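Take a look at the structure set out below.
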Amino acid sequence: MADMLTLTPSAAARVAAIAEKQAKPAILRLSVEGGGCSGFQYKFDLSDGADADDSVSETDGVRLVVDPVSLDLVAGSTVDFVESLGGAAFKVENPQAAAGCGCGSSFGI
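The numbering of the sequence shown is UniProt numbering, which starts it at 1 and goes up by one.
Shown next as structure tokens:
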């Protein structure tokens, strides 16, 4: 299952930097919650570890973990970190998303 998700080197570097500042392991948890303007929204948190049933992907020593329920909604996705004039944020490129919104953190299937 680990090949179902991809963490880009840019995102991995950002997670590593944040984790180092917070003295936490370099583990990014991606989850999906109901809400947002398109039905679902992405949630990112630093995690202390992966649960037994999590899907885990690793890039440059940084792990991306996703729970089984969220994985159904984000399978095949790429998590990137982008910086622009509007700010900097983690971005999910989700091939399953049929609709999105301007904020980029909400999607519909």
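Where a beta carbon is used, it is the ideal one built from N, C-alpha and C, also for glycine. Predicted, not measured: the structure shown is a model, and the values here were computed from it.
Counting C-beta atoms within 10 angstroms of its own C-beta, Asp-54 has 16 or more neighbours from the protein chains shown and is therefore classed as buried. Rounded to the nearest angstrom, the gap between the Cα atoms of Ala-11 and Val-79 is 7 Å. Under the DSSP assignment, Leu-73 falls outside any beta strand (DSSP E), being part of the alpha helix (DSSP H) whose first and last residues are 68-74. In the structure shown, Gln-96 falls within a coil segment according to DSSP collapsed to helix, strand and coil. By the Cβ-count criterion, Ser-57 is buried, with 16 or more other Cβ atoms from all chains shown falling within 10 Å of its own Cβ.
Cβ atoms of Ser-70 and Val-32 come within 8 Å of each other, at about 4 Å. Boundaries of the alpha helix (DSSP H) harbouring Ser-10: 9-22, taken from the DSSP string.
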